[in-house]
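> What follows is a single structure, and I will ask about it in a moment.
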Amino acid sequence: MKLILLGAPGAGKGTQAELLSRKLNIPTISTGNILRQAVKDGTEVGVRVKAFMDEGTLVPDEIVLDILKERLAEPDCKEGYILDGVPRNLFQAEALEHDRIDLDAVLSFEISDEVIEKRMTGRRSCTQCGASYHVTNKPPKQEGVCDTCGSALIQRSDDALETVRHRLEVFHAQTEPLKSFYGARGLLKAIENQPTIEATTEVVYKTLGI
Ligand code: AMP
């Protein structure tokens, strides 16, 4: 199965992607996680993208598309994958279409800006494996420690309130138009925000018929 998860930053895409990955036994490809790792490792790409990421602006398309192309060529992507946070604008969506990527569905996570702002201030992520947690909605078993790999959890610098607001503006201006792009292709499935992660997962599975 080939899926795209679309939604504002903090809409819950990453959490649902992890659950879907396990259920379907296909990898999640998060360009955000790959780029954060590059920044951390101080690679050439990392150095180029750091300033964009710190201010919550999209990094240049050619960098993201190169990273994605390389990742999709790996053997674990043969049976399908979940794209989390990519495509992020019409240029990227058209590039994927040009590469004839046969999508099964595009899930659009619908949620208000107000809920997002509250949610993101509590978000924590693993410095090593990228797993995501929330201080109240999805706490790790031990505070500050990743359940999966035991590494330290941190608040991302781009989860600060002012940056979150800017990222929401970028989402509305550049990513939200993808809803009509994929709607016109009959691929868009809206996932309304639910009170819990489990309830959202249930809606996701039902929508995909899995
Ligand atoms: P995310 O974790 O998906 O919210 O991504 C964090 C940051 O990485 C974004 O604010 C962008 O600066 C950058 N980024 C991630 N994915 C993309 C993408 N597909 N296109 C452009 N920038 C991206």
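Using the numbering used here, you'd call the opening residue of the sequence shown number 706 and step up by one each time.
Here a beta-carbon is modelled for each residue, glycine too, at the ideal position from N, C-alpha and C.
1. Give the straight-line distance between the Cα atoms of L873 and S817, rounded to the nearest whole angstrom.
2. Could you pull the start and end residues of the alpha helix (DSSP H) that T733 belongs to?
3. The alpha helix (DSSP H) spanning V754 covers which residue range?
4. What I want to know is whether the C-beta of V744 ends up closer than 7 Å to one or more non-hydrogen atoms of the ligand AMP.
5. Taking the alpha-carbon of L913 as reference, which of D864, A743, V811 has the nearest alpha-carbon?
6. In the DSSP output, what is I816 paired with across the bridge?
7. What does S830 pair with, by DSSP beta-bridge criteria?
8. Classify K718: buried if its beta carbon has 16 or more other beta carbons within 10 angstroms, exposed otherwise.
9. List the residues that DSSP assigns as beta-bridge partners of E897.
10. Rounded to the nearest angstrom, what separates T901 and N842 at their Cα positions?
11. Are the Cβ atoms of T826 and D864 separated by less than 8 Å?
12. For the segment 761-823, list the alpha helix (DSSP H) runs that are entirely contained and at least 4 residues long, ordered along the chain.
13. Less than 8 Å between C-beta atoms, sequence neighbours within five positions excluded: which residues of the same chain meet that for H839?
14. Please report the distance separating the alpha-carbon of A857 from that of F814.
Taking the geometry as given:
1. Going from the Cα of L873 to the Cα of S817 covers about 10 Å.
2. Not the alpha helix (DSSP H): T733 falls in the beta strand (DSSP E), residues 733-735.
3. First-last of the alpha helix (DSSP H) with V754: 749-760.
4. Outside the cutoff, so no.
5. If you compare the alpha carbons of D864, A743, V811 with that of L913, the shortest gap goes to V811.
6. Looking at the DSSP assignment, I816 forms no beta bridge with any residue, so it has no partner.
7. Answer is S837, I859, bridged to S830.
8. So K718 counts as buried.
9. Paired residue(s): E815.
10. Near 8 Å, if we compare the C-alpha coordinates of N842 and T901.
11. For T826 and D864, yes; Cβs fall inside 8 Å.
12. At a cut-off of 4 residues, the continuous stretches assigned as alpha helix (DSSP H) that sit fully inside the segment 761-823 are 766-777, 795-803.
13. The beta carbon of H839 lies closer than 8 Å to those of R824, G827, R828, R829 in the same chain, with the five residues before and after it left out.
14. Between A857 and F814, the C-alpha separation is close to 28 Å.
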